């Protein structure tokens with residue numbers, strides 16, 4: 037048979053390419069919009085501890101604006117992994133445009149996200165203040181709800197006290213063996229110390245839970261992977277290690293942009309009692325108290341209703357069945373709440389709750405990829421939640437902030 041003509045790739049051929057991400061990326065791309073918004077923010081808090089200042093020796097600091105924009109854009113694309121961002125910088129035009137050939141590793145991105153919790157919180161306050169100043173934020177009504185997010189811990193990592201004490205002995209022996217073999221404090225020593233610290237933290241957590249809950253038939257357990265995580269009921273009805281993300285959202289009942297004005301992350305599986313700390317957070321963030329506060333029946337704690345009444349907030353919250361059946365005497369704020377929820381106008385206003393806060397919960401999980409956190413520890417998880425809220429607010433109001 038005649039020989040088939042085949043063209044093979046020439047791997048020795050030289051190729052000259054002129055590649056400019058600024059030309060490839062459209063002018064109205066979200067990455068450009070976010071970068072323009074970030075440039076208007078005060079990011080000096082992210083470099084307060086930097087040692088590389090003019091006139092002194094030290095490694096230069098990678099741009100906080102670049103790292104923040106990378107995270108905000110990645111979150112808007114449903115990406116919450118620093119490694120995935122590092123991979124996309126090599127081939128994705130948007131990520132390449134943000135970096136402009138300035139190298140950045142996933143280690144640096146991870147440290148930026150979880151190492152500046154206070155700076156991120158203050159940056160969120162700055163954004164809320166700017167929205168208030170421009171008349172883009174109204175605190176006429178605020179809705180609160182919690183959503184459970186999977187923790188970075190497996191169910192088998194939860195152990196009882198006896199098992200944890202045995203694990204501590206093994207961790208101590210392993211650390212001694214690593215120290216005997218290592219000449220200096222290398223990666224192996226650091227990992228051995230970290231595991232021992234996690235086991236110690238888990239033992240302390242178990243002892244604390246035993247005292248708080250007063251276990252009699254069932255012993256408390258804690259995770260050696262993430263001692264702050266707790267097993268809680270998830271939205272699908274299953275029980276897995278997780279955190280409770282509480283959001284407070286302001287907006288208009290007729291629609292329009294929503295604004296997250298409060299974020300509170302706990303390891304308590306119940307929403308009961310979450311209203312008072314959230315009201316305090318929102319007041320600290322925006323400098324005043326809202327007029328209306330909307331929440332579902334899972335938040336119905338009398339102490340929270342009494343606190344809201346003292347600060348002048350009208351709470352619209354569904355009345356649970358057990359409240360109607362109870363015959364105990366209640367305080368005046370609780371009695372007024374029960375009577376208030378019989379008013380058709382109050383019920384009409386209450387219907388805005390789902391459209392405000394449950395929509396935000398759905399977007400944080402489906403659009404922003406917050407189904408599971410990849411960091412460990414309550415402080416780091418809170419940083420992830422605040423960064424997600426900041427991304428949500430900037431995307432909702434980016435055009436108005438630049439106007």
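In this note's numbering, the protein residues as written are 37 to 439.
Idealized CB from N, CA, C, for every residue including glycine.
Bear in mind the structure is a predicted one, so any value in this text is a computation, not a measurement.
Query, Result
"Note down, one range per segment and in chain order, each beta strand (DSSP E) of at least 3 residues found wholly within the segment 241-274.", "266-269"
"On the criterion of 16 or more Cβ atoms from any shown chain inside 10 Å, does residue 404 qualify as buried, or is it exposed?", "buried"
"Measuring CA to CA, which of 316, 374, 189 and 108 is closest to residue 338?", "374"
"Might you give, ordered along the chain, the residues of its own chain that have their beta carbon closer than 7 Å to the beta carbon of residue 133, omitting 5 neighbours on each side?", "57, 58, 61 and 67"
"Between which two residues does the beta strand (DSSP E) carrying residue 178 extend?", "177-186"
"Does the Cβ of residue 407 have 16 or more other Cβ atoms within 10 Å, making it buried, or fewer, making it exposed?", "exposed"
"In this structure, does DSSP put residue 71 in helix, strand or coil?", "helix"
"What whole-angstrom Cβ distance do residue 265 and residue 279 have, given they're in contact under 8 Å?", "7 Å"
"Just to confirm the assignment: which complete beta strand (DSSP E) runs, minimum length 3, are found wholly within the segment 275-303?", "275-288 and 291-302"
"Between residue 53 and residue 127, what straight-line distance do the alpha-carbon atoms span, to the nearest angstrom?", "15 Å"
"On the DSSP bridge assignment, give the partners of residue 351 in chain order.", "329"
"Between residue 394 and residue 181, is the Cβ-Cβ spacing less than 8 Å?", "yes"
"Quick check on the burial criterion: 16 or more other C-beta atoms within 10 angstroms. Buried or exposed for residue 95?", "exposed"
"Between the segment 267-282 and the segment 225-242, are three or more C-beta pairs nearer than 8 Å?", "no"
"Taking Cβ positions only, does residue 375 come closer than 8 Å to chain B?", "Reference to chain B is not applicable here, since this structure consists of a single protein chain."
"If you scan the segment 114-188 from start to end, which runs of the alpha helix (DSSP H) of 4 or more residues do you find wholly inside it?", "118-125, 129-135, 142-150 and 153-169"
"Taking Cβ positions, are residue 121 and residue 138 nearer each other than 8 Å?", "no"
"Buried or exposed, going by whether 16 or more other CB atoms sit within 10 Å of the CB of residue 330?", "buried"
"Under 8 Å by Cβ, that's how I've got residue 210 and residue 228 pegged, so tell me the actual separation to the nearest angstrom.", "6 Å"
"Runs of 4 residues minimum, wholly inside the segment 370-394: which ones carry the alpha helix (DSSP H) assignment?", "380-386"
"State the CB to CB distance for the pair residue 411 and residue 150, rounded to an integer number of angstroms; the pair is presumed to be in contact (CB under 8 Å).", "6 Å"
"Output the distance between the C-alpha atoms of residue 135 and residue 437, rounded to the nearest integer angstrom.", "23 Å"
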